[in-house]
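K.L.:
Questions regarding the structure given below will be posed in turn.
Protein chains: 2
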Amino acid sequence: MDLFVSKYINKIDKKGRVSLPSSFRNVLPKANRNEIILYKSIKTPSIEGCGVGRLKEIAKRINNLDFFSEDYDDFSTSIFSEIITTNIDKEGRFLIPEELKLYAGIKNEAAFFGQGHYFQIWEPKKGLKNTEDSRRRLLKEKKSLRMMLTQHK
Amino acid sequence: MDLFVSKYINKIDKKGRVSLPSSFRNVLPKANRNEIILYKSIKTPSIEGCGVGRLKEIAKRINNLDFFSEDYDDFSTSIFSEIITTNIDKEGRFLIPEELKLYAGIKNEAAFFGQGHYFQIWEPKKGLKNTEDSRRRLLKEKKSLRMMLTQHK
DNA sequence: CATATACCCATTGACGCCCATATAATCCCA
DNA sequence: TGGGATTATATGGGCGTCAATGGGTATATG
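Order-wise, the sequence lines are chains A and B.
The working numbering puts the first residue of the first sequence at 429, with every later residue one more than the last.
The working numbering puts the first residue of the second sequence at 429, with every later residue one more than the last.
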């Protein structure tokens, strides 16, 4: 599976280390399996992460915004200048920078949420609540959710 | 046959393993025959499952949404983080995650119901009752439908 | 030299792989 | 076509491996 899926809650030890879930590590390209990038989520108090290869895709997305819009500047500033690269040790653990932990309100536990081509790291309770909220929003528009899930072709 | 059809009731052993019915295994593509995805059914207290190919298609669809919209996040959270991938061992067995067993009320036995492009896993009694209920609903509708169509003057 | 971080080793529990058996399904040949 | 032989499926259990976690120590970096 080459997508970040499912959710995991891992502990952060005294040294600040936390295991990237094994299934997430396997999504990273064999070449750069010991490096990920992290940045603040724009829309939620969470951290987003992915392999370094994904950067190009993000750049493309931002490039597709209207160059003269405020959004363009805001997104490109918020994302690119805030990106932090982090190394993964032999045991599959990494350090979450203090600033990002503060932003997400993370202390002793980190909840990892698969998001397909990237993942989010939440303070566990906040993360679970966010999942519920977002499911509730979607259920209001049953049509669109069904559209996503049902078999086409 | 490349569809999930028929129903089976299998036992869950001490280790939590359960056999995916052989005919279901044969539906999975030879390439990814040792991996399936599971998720909570939206409308019923049951687990739905299918091969990973279906997931990749959903990923493609979500990826086509506006990257910066709220819908994008809602979909990717509700779908990717709720999906669980599980491996099928050499004997054709897999583990149902505890959270999903709770959701479906499954303990020692699991009932598999073919649904065409996907399948459902139920607590046996609930599953059989659901089958009866939905058949009853169908018959009722048919009756009123026939009434609509045949009652002239 | 002090703090942070990487590497090494250890522990525990979960999971995958292997082997075994019983029952059911299929085959094959006289 | 009957019936024994072979294969497949569902199920049970032993055991090695790996993932998550904890801690000691070396190394780097200012």
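Even glycine gets a Cβ: it sits at the ideal position worked out from N, Cα and C.
Which of the three DSSP states is assigned to B/Ser447 in this structure?
P.N.:
strand
K.L.:
Considering B/Tyr467, what are the terminal residues of the alpha helix (DSSP H) in which it resides?
P.N.:
Careful: B/Tyr467 lies outside any alpha helix (DSSP H), inside the beta strand (DSSP E) at 463-468.
K.L.:
Put B/Tyr585 into one of helix, strand or coil per three-state DSSP.
P.N.:
It is not possible to answer for residue 585 of chain B, since the shown part of chain B is limited to 429 through 581.
K.L.:
Considering only the beta carbon of each residue, do B/Ile524 and B/Ile507 sit closer than 8 Å?
P.N.:
no
K.L.:
Would a C-beta distance cut-off of 8 Å place B/Ala532 and B/Pro552 closer than the cut-off?
P.N.:
The answer is no: Cβ separation not under 8 Å.
K.L.:
Give a yes or no on whether the minimum CB-CB distance between A/Arg621 and chain B is below 8 Å.
P.N.:
This structure leaves residue 621 of chain A out entirely; chain A is present only between 429 and 581.
K.L.:
Is the segment 433-446 of chain A close to the segment 465-473 of chain A, with three or more CB pairs under 8 Å?
P.N.:
no
K.L.:
Alpha carbon to alpha carbon, how far is B/Asp502 from A/Lys557?
P.N.:
If I take the Cα positions, the gap works out to 12 Å.
K.L.:
In chain B, which residues lie with their C-beta within 8 Å of the C-beta of A/Thr559?
P.N.:
Thr505, Ser506, Ser509, Glu510
K.L.:
Looking only at its own chain, which residues have a Cβ that is under 8 Å from the Cβ of A/Ser504, when we skip the five neighbours before and after it?
P.N.:
Ile490
K.L.:
Consult DSSP for A/Ile549 and reduce its assignment to one of helix, strand or coil.
P.N.:
strand
K.L.:
Apply the 10 Å Cβ neighbour rule to B/Val433 and answer buried if 16 or more other Cβ atoms are within range, or exposed otherwise.
P.N.:
exposed
K.L.:
For a contact defined as C-beta to C-beta under 8 Å, what are the partners of A/Phe541 on chain B?
P.N.:
Thr505, Phe508, Ser509
K.L.:
Kindly identify the DSSP beta-bridge partner or partners of B/Asn515.
P.N.:
Note: B/Asn515 sits in a beta bridge opposite B/Glu463.
K.L.:
Measure the alpha-carbon distance for B/His545 versus B/Glu527 and round it to whole angstroms.
P.N.:
The C-alpha of B/Glu527 is placed about 24 Å away from the C-alpha of B/His545.
K.L.:
Please return the same chain residues whose Cβ sits closer than 7 Å to the Cβ of A/Lys581, not counting the five positions on each side in sequence.
P.N.:
Caution is warranted here: a pLDDT of 44 is assigned to A/Lys581, below 50, making its placement in the model unreliable, and no coordinate value can be reported.
K.L.:
Does the CB of A/Ser450 have a neighbour CB from chain B at under 8 Å?
P.N.:
no
K.L.:
Between the alpha carbons of B/Leu567 and B/Thr559, how many angstroms are there, rounded?
P.N.:
12 Å
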